[in-house]
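Chains as they are written, first to last, in this note's numbering: chain Y, 1 to 188; chain F, 189 to 723.
See below:
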């Protein structure tokens, strides 16, 4: 692995007062975003997911507000919070997610970006991958979407790529499984 | 009594070994336990003539509990069968719901021997077989409770040597391997005991029982729980025999001057600390942490225990690093817990198989952990690189936010007259505590890369220093919360198959973080990094 040398050529080292003492010639490197966007339909998927979660909560708070008179000063807060949750979950979250979620698979690695408030970049080499499968929940099935799940031997190391077209996900699962089967090693 | 019960055929299947029973001594032990559990009730009735209904019932309950437990244990013995085939360990259990469990022998990662007092008095041992379970998923191992000492040792040797044999064999020649193993099993059968003795000699002893460490093990939040239980138990037991402990103790002191609550707290605390101290001795008596030779590679072995003896064997081929964690309340006295990061051991288990030392002084923990990893430069003593001041700023902001949020809730509660207004002042006391916590958490942060290891330290309540092999990292995760993005910070997670499954290095400077992630897991992120001209 030539990682140590490749990224420390002094020519493009920019003096940066915040960089630490350990390897001061760190060039301005950035993590590039993964190549592909998820399907536009995924926005709808995330919206429906939020609806399914947030509508019952809002309904419950409203029912409580109507029935339980003495606690109304408190329940009005709960109703407001549930309404806010619904709006954020249905409008803001799906749009932000669509901007953030991206994915890429190469012949040697899987790379995904996800999240809406907290962004997360995950990468795993195929030599460490244990299982690859495409799965879809009820809403995803309705929209013809699927989630590609790539697991490594670490229980925290799984990479989920949601909002893929179902056929794309199935094809990727097949391709990646084939590559991982050819790669030697016990993946730990 | 049958001396060796492993060769008692119960069913004959063509080519496969016979099903075996657990040791029949279990029945005798259960008989003794039933009698012992009946005893207190009988003594109370006959010798002390206790007949008032209320006091005797718990003793009767104890007797019933003991007898039913023993009967269930005998039923379990009757319906349990196991066998060791060339490829699998099989276990059948259950009366109503029959369970048939298989463990592939080449998946076996650990074979531990354990014995409670009742096992030791009957010369029996429990065997726990761990089989490459997802370490952090908390799956249970297959357990044989119990075999005679000789059978247990023989089985351990057999399973461990076979498991190591197959480790480096190609999966494709499985059939050949099975054949080979059959032959080897036969040869091992003849000379089993000499092999076991030979393998038992330590190559190197890392640590032994340190009586003085009891001081580190006396203080614990559980001390208080334990003490409450003990105190209540003693009070009740003596009450059963008509002794009024309560009255005696009340008569001893001048209670007016001390105050009830203070005394109770001190007494409970002292009792709990003593209980934990005694517990340290019984649990770690004759502790020996040693490297011993397995058939293929070395094994890190722990032996310990006074009443309940335990032996844990950890395959050193599977060790990926080590961790030392320092609990915040006892950091001033240097208390630290030491464990290895390895695959195939259940880290969530109450018995803590990954812990290689009991709680002890930090300096010694570093030495032992460094010795176990075996590098010329001890990774636990290298200086770590601190994190940017913005990481402190983030923690201070979070501390302030927590204080404001709590205050807001208290103010609201006070306005609606749920609590008195004076309680709001409690929020004022919260601020310095939160700020102090922020500073402690910031000072814990540190990271460093060496040739083989990534070293990371963090944690408020448990400052954990983790040393992980860089080659063991299987997934890299970089994450940024909105506040982190604002402060140009990011968290790097290095996920691995061993130990807790993943170790985070929080709040690195954004560029340093990427650098750290690139080198911490060689090659994983390389294809996804570009030179950036815009910044």
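Note that the Cβ used here is the ideal one computed from N, Cα and C, for glycine as well.
Is it true that the CB of residue j sits closer than 9 angstroms to the CB of residue i?
i: residue 585 of chain F; j: residue 671 of chain F; result: yes
i: residue 503 of chain F; j: residue 297 of chain F; result: yes
i: residue 465 of chain F; j: residue 403 of chain F; result: yes
i: residue 270 of chain F; j: residue 263 of chain F; result: no
i: residue 330 of chain F; j: residue 266 of chain F; result: no
i: residue 494 of chain F; j: residue 395 of chain F; result: no
i: residue 348 of chain F; j: residue 532 of chain F; result: no
i: residue 669 of chain F; j: residue 117 of chain Y; result: yes
i: residue 143 of chain Y; j: residue 164 of chain Y; result: no
i: residue 579 of chain F; j: residue 623 of chain F; result: no
i: residue 222 of chain F; j: residue 248 of chain F; result: no
i: residue 31 of chain Y; j: residue 719 of chain F; result: no
i: residue 461 of chain F; j: residue 407 of chain F; result: yes
i: residue 420 of chain F; j: residue 549 of chain F; result: no
i: residue 131 of chain Y; j: residue 146 of chain Y; result: no
i: residue 633 of chain F; j: residue 575 of chain F; result: yes
i: residue 397 of chain F; j: residue 472 of chain F; result: yes
Residues bridged to residue i by DSSP?
i: residue 497 of chain F; result: F:303
i: residue 93 of chain Y; result: None; residue 93 of chain Y has no bridge partner.
i: residue 630 of chain F; result: None, per the DSSP bridge assignment.
i: residue 635 of chain F; result: F:573, F:644
i: residue 114 of chain Y; result: Y:120
i: residue 690 of chain F; result: F:683
i: residue 312 of chain F; result: F:336
i: residue 657 of chain F; result: F:641
i: residue 165 of chain Y; result: Y:145
i: residue 29 of chain Y; result: F:719
i: residue 207 of chain F; result: Partner(s): none; residue 207 of chain F has no beta bridge.
i: residue 160 of chain Y; result: Y:149
i: residue 317 of chain F; result: F:299, F:330
i: residue 668 of chain F; result: Y:119
i: residue 103 of chain Y; result: Y:36, Y:112
i: residue 190 of chain Y; result: Here chain Y comprises residues numbered 1 to 188, so residue 190 of chain Y is not present and cannot be evaluated.
i: residue 702 of chain F; result: Paired residue(s): none; residue 702 of chain F is not in a bridge.
By a C-beta neighbour count over all protein chains shown, 10 Å radius and 16 as the cutoff for buried, is residue i buried or exposed?
i: residue 541 of chain F; result: buried
i: residue 121 of chain Y; result: buried
i: residue 101 of chain Y; result: buried
i: residue 520 of chain F; result: exposed
i: residue 14 of chain Y; result: Confidence is the limiting factor: at residue 14 of chain Y the pLDDT is only 38, short of 50, which leaves the residue's position unreliable, though a coordinate-based value still follows. Exposed, because fewer than 16 other Cβ atoms sit within 10 Å of the Cβ of residue 14 of chain Y.
i: residue 716 of chain F; result: buried
i: residue 93 of chain Y; result: buried
i: residue 286 of chain F; result: exposed
i: residue 183 of chain Y; result: exposed
i: residue 180 of chain Y; result: buried
i: residue 63 of chain Y; result: exposed
i: residue 506 of chain F; result: buried
i: residue 713 of chain F; result: buried
i: residue 455 of chain F; result: exposed
i: residue 150 of chain Y; result: buried
i: residue 391 of chain F; result: exposed
i: residue 70 of chain Y; result: exposed
i: residue 610 of chain F; result: exposed
i: residue 303 of chain F; result: buried
i: residue 45 of chain Y; result: buried
i: residue 708 of chain F; result: buried
Just checking, does the segment 694-702 of chain F make contact with the segment 156-165 of chain Y on the three C-beta pairs under 8 angstroms criterion?
no
Counting Cβ pairs, one atom from each stretch, are 3 or more of them under 8 angstroms apart for the segment 301-317 of chain F and the segment 334-341 of chain F?
yes
Do the segment 216-235 of chain F and the segment 243-258 of chain F touch if we need at least three Cβ pairs shorter than 8 angstroms?
yes
Which parts of the segment 458-536 of chain F are runs of the alpha helix (DSSP H), unbroken and 4 residues or longer, counting only runs that do not cross its ends?
none
Taking only runs that begin and end inside the segment 556-627 of chain F, name each unbroken beta strand (DSSP E) of 3 or more residues, in chain order.
none
Is the segment 550-568 of chain F close to the segment 504-517 of chain F, with three or more CB pairs under 8 angstroms?
yes
Continuous alpha helix (DSSP H) assignments of at least 4 residues falling wholly in the segment 221-306 of chain F:
241-266
Evaluate the contact criterion for the segment 676-683 of chain F versus the segment 657-665 of chain F: three or more CB pairs, one atom per stretch, below 8 angstroms.
yes
Is the segment 29-47 of chain Y touching the segment 103-116 of chain Y, taking contact as three or more C-beta pairs under 8 angstroms?
yes
Does the segment 125-134 of chain Y come close enough to the segment 637-653 of chain F to have 3 or more Cβ pairs within less than 8 angstroms?
no
Segment contact flag, the segment 635-649 of chain F with the segment 597-609 of chain F, C-beta cutoff 8 angstroms, min 3 pairs:
no
Under 7 angstroms, CB to CB, which of the residues in the segment 677-698 of chain F have a partner in chain B?
In the displayed structure, chain B is absent; the protein chains listed are Y and F.
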